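In this note's numbering, the protein residues as written are 747 to 1002.
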């Protein structure tokens, strides 16, 4: 499988993504932001970093890059697209994912390991994750607070688009476990068609045991399994716990 890893001015996690894909035995090609074609890629990863220096807003300028027009067409045709950290911000700015990523509630840059609860396991980005598995993946961002209005949040829940939520080491959805104040503890979502996903944590930084976790591989392996058309493996444990139905912080509180 061939992945296109986008590069914008000030991207700094592109090589991390290249390494993560190649460790799994697949091809990863870097694609400069001025390109107008994805060159026959089977999937696209928009990596983390500070594209265009985060001027205006994170991802606000990158969304106008020529390569993003190709990504728009690719996604419209059902191609798999994953945005990580700044990549998630770019996807929201481009309208490929709903909502927005705003300043952390703490007003501080957060760089730490977090735990993620996977909410739905029947997507191209989660199908290889065992149902009783909490993912340990690092975050590193200053503007990772997921925000959307109440109708959008309700639609995300109704359409099963919330893929990951921040949780404690034992799977509890708490405010303390939420590093940025995201509504509903949201760490990552997908579009209604389920072929575009974004998350603030960095699975590309959780692919080597020496870094403290290999859980990030499961997300990339899910994309690979989807492209290959293989069935998901049997998983241990019971069923996924339901998504948080009452927000840890409501939109009204966020605007207070």
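Glycine included, C-beta positions come from ideal geometry on N, C-alpha and C.
Values in this document were obtained by computation on a predicted structure and should not be read as measured data.
Excluding sequence positions up to five away, which residues of its chain have a Cβ less than 7 Å from the Cβ of residue i?
i           : result
residue 870 : 826, 940, 941, 968, 969, 972
residue 848 : 889, 891, 893
residue 872 : 864, 866, 909, 968
residue 821 : 827, 842, 941, 942
residue 806 : 839
Would you mind sorting residue i into buried or exposed? The rule is 16 or more other CB atoms within 10 Å of its CB.
i           : result
residue 955 : exposed
residue 920 : exposed
residue 979 : For residue 979, the predicted model reports a pLDDT of 47, less than 50, meaning its position is unreliable; a value from the coordinates is still stated below. With fewer than 16 other Cβ atoms within 10 Å, it is exposed.
residue 844 : buried
residue 855 : exposed
residue 938 : exposed
residue 916 : exposed
residue 950 : buried
residue 793 : buried
residue 974 : exposed
residue 862 : buried
residue 853 : exposed
residue 802 : exposed
residue 834 : buried
Which residues in the same chain as residue i place their Cβ atom closer than 8 Å to its Cβ, once the five residues preceding and following it in sequence are excluded?
i            : result
residue 818  : 840, 842
residue 1032 : Past the edges of the chain, shown from 747 to 1002, lies residue 1032, and the structure says nothing about it.
residue 952  : 881, 882, 883, 884, 958, 959, 960, 961, 962, 963
residue 768  : 774
residue 860  : 882, 883, 884, 885, 912, 923, 925, 933, 947
residue 786  : 748
Look at the Cβ atom of residue i, then the Cβ atom of residue j, and state whether they are nearer than 8 Å.
i            : j           : result
residue 1011 : residue 909 : Residue 1011 lies beyond the range of the chain shown here (747 to 1002); nothing can be said about it.
residue 772  : residue 754 : no
residue 881  : residue 929 : no
residue 966  : residue 770 : yes
residue 858  : residue 813 : no
residue 927  : residue 837 : no
residue 816  : residue 776 : no
Enumerate in chain order the residues of its own chain whose CB-to-CB distance from residue i is below 6 Å, with the five nearest sequence positions on each side excluded.
i           : result
residue 981 : For residue 981, the pLDDT reaches just 41, beneath the cut-off of 50, and the residue's location in the model is therefore unreliable, although a value from the coordinates is still provided. Counting only Cβ-Cβ distances below 6 Å, and skipping sequence neighbours, we find 876, 877.
residue 789 : 749, 826, 969
residue 907 : 935, 936
residue 811 : 779
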